[in-house]
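Below is one structure, written out as structure tokens; the observations come after it.
Residue numbers (the working numbering), protein chains in the order written: chain A, 3 to 143; chain B, 3 to 143; chain C, 510 to 589; chain D, 510 to 589.
Here it is, written out as structure tokens:
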């Protein structure tokens with residue numbers, strides 16, 4: 003049986019093509035892909051790099067839970083969720099979520115749900131590195 | 003000045019990487035990409051191939067109008083809309099829409115708006131080819 | 510006046526040609542041309558919708574056609 | 510009983526270590542452990558939220574901790 007999910011946490015560069023090819027399927031008519039990249043600024047300050055740290059086994063488990071919910075809530079066919087760890091530079095891909103479905107509404111809704119939920123539940127932490135210091139994102143109110 | 007839009011209508015294969023690289027930008031944090039592919043069935047019948055015909059100058063003009071509306075309605079940074087013409091086989095990409103924005107909500111909303119509007123306004127016609135005949139999609143009520 | 514009409518998708522199948530030449534009254538409107546087409550080719554009435562584009566723009570039925578216009582029959586679109 | 514706590518992100522900076530060992534009363538709850546941590550390390554009170562994961566699951570404050578549990582401090586996450 004072919005797998006329905008491809009969940010990865012990795013320190014090497016993410017591949018859009020790899021995610022796309024995993025979810026692409028003869029029965030699907032719509033694929034939505036979200037790519038989260040490292041922005042060069044935040045609240046007016048210039049970001050030099052980002053450092054992502056993950057509690058790996060739980061992060062993978064929570065990403066798998068998201069994929070299961072996507073299957074249950076929306077009519078999705080295949081799902082790839084790849085998240086990067088370690089030091090990233092500006093423009094690097096931090097996360098790629100790809101979803102295929104027979105119809106586009108399900109693909110869009112599932113992909114949006116996935117990134118929103120990932121940002122709330124998956125134990126991954128992002129440190130923004132500026133020229134003059136660094137800060138753990140969203141740690142404080 | 004770098005272009006904000008990349009609008010293409012072409013008979014050669016579409017490239018996800020090309021669309022992604024066009025919209026990728028150091029100032030953007032979220033990219034949403036929709037890929038419409040050729041499905042192997044429709045209403046229970048097996049599709050062998052699809053043939054796309056376009057009224058090319060107007061199709062390009064209408065795609066450009068969509069990109070302009072996306073910029074006006076949402077806070078998008080860069081937009082690629084590539085649509086294919088001619089004979090496509092199962093799994094081929096018929097359309098790719100990629101949108102970058104500083105924040106993901108705008109990227110998702112703009113991408114969804116683009117594909118919904120494209121399907122309503124852009125003069126492109128799709129003929130489904132079955133083993134035992136062919137039909138212009140959505141022509142009849 | 511003599512006009513040239515271009516057709517795509519199922520409209521080309523209905524006309525049996527990519528391009529037809531038609532004689533219409535001077536100052537005819539888009540609405541009148543559509544009715545005329547539906548009379549000569551009743552299959553147009555079976556479509557989900559029928560639009561004309563003039564000079565690469567969707568236009569209202571009230572628009573008056575001139576013989577230099579690029580007129581295209583737009584059956585229901587199905588891109589994407 | 511003796512427990513080992515793992516910390517990530519800003520929690521590691523607050524503890525000054527990836528792992529700390531702590532002596533807590535037997536049958537202590539997650540809620541009690543959180544209060545205990547906030548007393549020893551007041552910087553935890555400044556965070557937007559503070560959660561504990563036990564055996565790789567988010568848990569309620571009422572859960573009773575056992576000394577074989579894998580306990581991890583989860584400060585506000587910021588993946589994606």
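Note that beta-carbon positions come from the ideal geometry of N, C-alpha and C, so glycine has one too.
Cross-chain neighbours of residue i in chain A, by beta carbon under 8 Å
i, result
"residue 584 of chain D", "127, 138 and 141"
CB contact flag (residue i, residue j, <7 Å)
i, j, result
"residue 114 of chain A", "residue 110 of chain B", "yes"
"residue 89 of chain B", "residue 53 of chain B", "yes"
"residue 99 of chain B", "residue 7 of chain B", "no"
"residue 97 of chain A", "residue 105 of chain A", "no"
"residue 22 of chain B", "residue 120 of chain A", "no"
"residue 570 of chain D", "residue 540 of chain D", "yes"
"residue 547 of chain D", "residue 553 of chain D", "yes"
"residue 76 of chain A", "residue 112 of chain A", "yes"
"residue 141 of chain B", "residue 556 of chain C", "yes"
"residue 13 of chain A", "residue 87 of chain A", "yes"
"residue 123 of chain A", "residue 64 of chain A", "yes"
"residue 137 of chain B", "residue 34 of chain B", "no"
"residue 25 of chain A", "residue 587 of chain D", "no"
Residue i: contacting residues in chain B (beta-carbon distance under 8 Å)
i, result
"residue 587 of chain C", "121, 126, 127, 128, 138, 139, 140 and 141"
"residue 519 of chain C", "127, 138 and 141"
Contact set between residue i and chain C, taken where Cβ atoms lie within less than 9 Å
i, result
"residue 85 of chain B", "588 and 589"
Beta-carbon proximity list for residue i, same chain, < 8 Å, skipping 5 on both sides
i, result
"residue 578 of chain D", "512, 563 and 564"
"residue 49 of chain B", "40, 41, 42, 43, 92, 130, 131 and 132"
"residue 117 of chain A", "36, 38, 97 and 99"
"residue 529 of chain D", "513, 514 and 516"
"residue 535 of chain D", "510"
"residue 583 of chain D", "517, 520, 559, 560, 561, 562 and 567"
"residue 3 of chain B", "Here residue 3 of chain B scores only 47 on pLDDT, less than 50, and its place in the model should not be relied on; the value that follows carries that caveat. Here the set comprises nothing."
Cross-chain neighbours of residue i in chain C, by beta carbon under 8 Å
i, result
"residue 117 of chain B", "589"
"residue 97 of chain B", "588 and 589"
"residue 150 of chain B", "Chain B is shown from 3 up to 143; residue 150 of chain B falls before or after that span and cannot be answered."
Contacts that residue i makes with chain B (C-beta to C-beta distance below 7 Å)
i, result
"residue 26 of chain A", "39 and 93"
Chain D contact residues for residue i, given Cβ-Cβ distances below 8 Å
i, result
"residue 45 of chain A", "By Cβ distance, chain D contributes nothing, its closest Cβ being about 14 Å from residue 45 of chain A, past 8 Å."
Within chain A, the residues that residue i reaches when beta carbons sit closer than 9 Å
i, result
"residue 89 of chain B", "Going along chain A, no residue has its Cβ under 9 Å from residue 89 of chain B, so there is no contact; the nearest lies around 17 Å."
Own chain, CB closer than 7 Å to residue i, minus 5 neighbours either side, in chain order
i, result
"residue 531 of chain D", "512 and 514"
Under 9 Å by beta carbon: chain B residues contacting residue i
i, result
"residue 110 of chain A", "34, 36, 110, 113, 114 and 117"
Chain E contact for residue i (CB, 7 Å cutoff)
i, result
"residue 520 of chain C", "Among the chains of the structure shown, chain E does not appear; the protein chains present are A, B, C and D."
Inset, instruction - Could you tell me whether the region 123-133 of chain A touches the region 53-68 of chain A, using the rule of 3 or more Cβ pairs below 8 Å? - result: Because the criterion of three Cβ pairs below 8 Å is met, the region 123-133 of chain A and the region 53-68 of chain A touch.
Inset, instruction - Mind checking the region 556-587 of chain D against chain A and listing, in chain order, the residues whose C-beta falls within less than 8 Å of any C-beta there? - result: 556, 557, 562, 565, 566, 567, 581, 583, 584, 585, 586 and 587
Inset, instruction - May I ask you to verify whether the region 60-77 of chain B touches the region 58-74 of chain A, counting CB pairs closer than 8 Å and requiring at least 3? - result: no
Inset, instruction - Return the residues of the region 59-81 of chain A that lie within a Cβ-Cβ distance of less than 7 Å from chain D, sorted by chain order. - result: 59, 60 and 63
Inset, instruction - Determine contact between the region 512-523 of chain C and the region 520-537 of chain D, defined as no fewer than three beta-carbon pairs at a distance below 8 Å. - result: no
Legend entry - Residues of the region 10-35 of chain A whose Cβ lies closer than 7 Å to any Cβ of chain B, in chain order: 18, 19, 22, 26, 28, 29, 30, 31, 32, 33, 34 and 35
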